[in-house]
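Remarks on the structure that follows.
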Amino acid sequence: MKICVLPGDGIGPEIMAQALRVLEALRSDGLSFEMETAHLGGCAVDAAGVPLPEATLALAKAADAVLLGAVGGPQWDTLPREKRPERGLLGIRKELNLFANLRPAILYPELANASSLKPELVAGLDIMIVRELTGDIYFGQPRGIEERNGERVGYNTMIYSESEIRRIGKVAFEIAQKRGGKLCSVDKMNVLECTQLWRDVMIDMAADYPDVTLSHMLVDNAAMQLVKNPKQFDVVVTGNMFGDILSDEAAMLTGSIGMLPSASLDANNKGMYEPCHGSAPDIAGKGLANPLATILSVAMMLRYTFSQEAAAQRIESAVKSVLAQGYRTGDIFEAGTRKVGTVEMGDAVIAAL
Ligand code: NAD
Ligand code: IPM
Ligand code: MN
1 MKICVLPGDG
11 IGPEIMAQAL
21 RVLEALRSDG
31 LSFEMETAHL
41 GGCAVDAAGV
51 PLPEATLALA
61 KAADAVLLGA
71 VGGPQWDTLP
81 REKRPERGLL
91 GIRKELNLFA
101 NLRPAILYPE
111 LANASSLKPE
121 LVAGLDIMIV
131 RELTGDIYFG
141 QPRGIEERNG
151 ERVGYNTMIY
161 SESEIRRIGK
171 VAFEIAQKRG
181 GKLCSVDKMN
191 VLECTQLWRD
201 VMIDMAADYP
211 DVTLSHMLVD
221 NAAMQLVKNP
231 KQFDVVVTGN
241 MFGDILSDEA
251 AMLTGSIGML
261 PSASLDANNK
271 GMYEPCHGSA
281 PDIAGKGLAN
291 PLATILSVAM
301 MLRYTFSQEA
311 AAQRIESAVK
321 SVLAQGYRTG
331 DIFEAGTRKV
341 GTVEMGDAVI
351 AAL
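Counting along the sequence shown from 1, when you hit position 193 you're at 193 in the UniProt record's numbering, and nothing is skipped either side.
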């Protein structure tokens, strides 16, 4: 297994260090892998002048999987857009063709009280958000800020081709087949043509998946339903922009954004694995960040790219066990539990393994 490691910025290196310790601990199970580390994001801007250096891209392309911490931070927010850390992340997703972003929002029973919703609303929550990742308004042309009629205008283009919708639809329908058989497609077809096409294509595809019940929801209602009755959802499929927003919302239902892992896959299950959260500049360098989303991303990597289901489950069981033992970083802390830092949480997961 060839793994390209990109710790990134802010809390990225801190959480990645714990994820790598967990991976190292699995060597004793006979898992063998090679790792190479490179710069992506703000650290790459500082070291090489660009957020996605050629050397990083080459390493990522040569690897079977990429593990990413997080990128970004206020010190890079005033750079020209093409030099910003986030462009490096978008660039690597596009270059590696990672069009399918899986964001599972699962409530660990021990964290029911950390959720911002009442425990009974989230008990047993298990939603898979399938977010399209290389299209939509994130990448559409034309885009820009320019002078028109004596004032500045800013504009972006929301665009999806039928083939882009079909390939993410296929991933989502197949995941729904393996789960509860329910797929909810989220769009804004009452206003946006782009998402009318999205809905039309999803309806067309449904005929090939008679074992999946397809439903549709407008994105504003979906945002509301997620906090009203989140357990109505099994698999959700949506575009890049709506998926970005809804997955952060779903994350909070599970107690903290610090718990949500992700997989970004191409058509051959090569993937990049990263927590859904960002570089958390407000707590960076303090040893406070929750490393569990990144550790759970390692589990997703073992499952989706390397077909090591047993190793993936070992990590997930270890995470359940540390939560049951009461270990909590600040973001999931509540009275009566044991408050720990990033490294101690890593220690606890390794002990549980
Ligand atoms: P954020 O996710 O970094 O932080 C939001 C809040 O959640 C903060 O209060 C933070 O402290 C907390 N938080 C996040 N991860 C945590 C963890 N593991 N443990 C405990 N608390 C955690 O979002 P933001 O503040 O909007 O963005 C900060 C920077 O990160 C920006 O530059 C943004 O572009 C970037 N970003 C990067 C990614 C990525 O690399 N995939 C994702 C989102 C945001
Ligand atoms: C995410 C992030 C990224 C996105 C940013 C940092 C480019 O918010 O991974 O969710 O919007 O996709
Ligand atoms: Mn996001």
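Every residue, glycine too, gets a C-beta built ideally from N, C-alpha and C.
A quick note: this is a predicted structure, and the numbers were derived from the prediction, not measured.
Buried/exposed call for residue i, threshold 16 Cβ in 10 Å
{"i": "isoleucine 3", "result": "buried"}
{"i": "glutamine 18", "result": "buried"}
{"i": "asparagine 221", "result": "exposed"}
{"i": "threonine 134", "result": "buried"}
{"i": "serine 264", "result": "buried"}
{"i": "threonine 238", "result": "buried"}
{"i": "residue 383", "result": "Because residue 383 is not part of the residues shown, which for the chain are 1 to 353, the question remains open."}
{"i": "isoleucine 145", "result": "exposed"}
{"i": "valine 22", "result": "buried"}
{"i": "aspartate 211", "result": "exposed"}
{"i": "threonine 157", "result": "exposed"}
{"i": "asparagine 101", "result": "buried"}
{"i": "aspartate 77", "result": "exposed"}
{"i": "isoleucine 175", "result": "buried"}
{"i": "glutamine 313", "result": "exposed"}
{"i": "tyrosine 273", "result": "buried"}
{"i": "asparagine 290", "result": "buried"}
{"i": "proline 51", "result": "buried"}
{"i": "serine 297", "result": "buried"}
{"i": "leucine 230", "result": "It is proline, not leucine, that sits at residue 230 in the sequence shown. Under this definition proline 230 is a buried residue."}
Cβ neighbours of residue i in the same chain (closer than 7 Å, five flanking residues each side left out)
{"i": "proline 53", "result": "His39, Ala44"}
{"i": "lysine 94", "result": "Thr134, Phe139"}
{"i": "phenylalanine 233", "result": "Ile127, Cys184"}
{"i": "alanine 284", "result": "Gly10, Ile11"}
{"i": "lysine 320", "result": "Tyr108"}
{"i": "isoleucine 129", "result": "Arg103, Ala105, Val236, Gly243, Leu246, Ser247, Ala250"}
{"i": "arginine 303", "result": "Glu309, Ala312"}
{"i": "glycine 8", "result": "Leu40, Gly41, Cys43, Leu68, Gly69, Ala70, Val71, Ser279"}
{"i": "leucine 288", "result": "Thr329, Gly330, Gly341, Thr342"}
Simplified DSSP state of residue i, which is helix, strand or coil
{"i": "arginine 21", "result": "helix"}
{"i": "asparagine 101", "result": "strand"}
{"i": "tyrosine 209", "result": "coil"}
{"i": "aspartate 77", "result": "coil"}
{"i": "glutamate 334", "result": "coil"}
{"i": "aspartate 126", "result": "strand"}
{"i": "proline 13", "result": "helix"}
{"i": "proline 7", "result": "strand"}
{"i": "methionine 217", "result": "strand"}
{"i": "alanine 112", "result": "coil"}
{"i": "glycine 243", "result": "helix"}
{"i": "threonine 37", "result": "strand"}
{"i": "glutamate 54", "result": "helix"}
{"i": "glutamate 132", "result": "strand"}
{"i": "threonine 342", "result": "helix"}
{"i": "aspartate 328", "result": "For the sequence presented, residue 328 should be read as arginine rather than aspartate. Arginine 328 falls in the strand class under three-state DSSP."}
{"i": "isoleucine 137", "result": "helix"}
Neighbourhood of residue i by C-beta, 8 Å cutoff - its chain only, sequence neighbours within 5 removed
{"i": "residue 359", "result": "Residue coverage of the chain in this structure runs from 1 to 353, which leaves residue 359 outside it and unanswerable."}
{"i": "leucine 59", "result": "Cys4, Glu36, Ala38"}
{"i": "aspartate 244", "result": "Arg131"}
{"i": "leucine 353", "result": "Val22, Ala25, Leu26, Arg314, Ile315, Ala318"}
{"i": "serine 163", "result": "none"}
Residue-chain proximity (residue i, chain B), Cβ-Cβ < 7 Å
{"i": "asparagine 113", "result": "The question asks about chain B, but that chain is absent: this structure has only one protein chain."}
Contact belief for residue i with residue j at Cβ below 8 Å, rounded distance in angstroms
{"i": "arginine 81", "j": "asparagine 240", "result": "The pair is not a contact, with the Cβ atoms about 17 Å apart (cut-off 8 Å)."}
{"i": "leucine 253", "j": "alanine 105", "result": "6 Å"}
{"i": "glycine 42", "j": "glycine 72", "result": "6 Å"}
{"i": "glycine 278", "j": "alanine 25", "result": "Actually they do not touch by this definition, with Cβ atoms about 27 Å apart."}
{"i": "tryptophan 198", "j": "isoleucine 165", "result": "5 Å"}
{"i": "alanine 299", "j": "glutamate 110", "result": "About 17 Å; that fails the 8 Å criterion."}
{"i": "threonine 337", "j": "arginine 328", "result": "4 Å"}
{"i": "methionine 301", "j": "glycine 271", "result": "7 Å"}
Contacts around residue i, its chain only, beta-carbon distance under 6 Å, and the 5 residues preceding and following it disregarded
{"i": "valine 219", "result": "Val186, Lys188, Phe242"}
{"i": "tyrosine 209", "result": "Phe173"}
{"i": "serine 116", "result": "Met252"}
{"i": "methionine 202", "result": "Gly169, Ser185"}
{"i": "glutamate 34", "result": "Lys2"}
{"i": "glutamate 14", "result": "Ala289, Thr342"}
Residue i beta carbon near ligand 4 (any heavy atom closer than 6 Å)
{"i": "asparagine 290", "result": "With respect to small molecules bound, the structure shown includes ligand 1, ligand 2 and ligand 3 and not ligand 4."}
Residues surrounding ligand 3 [beta-carbon distance to nearest heavy atom under 6 Å]: Asp244, Asp248
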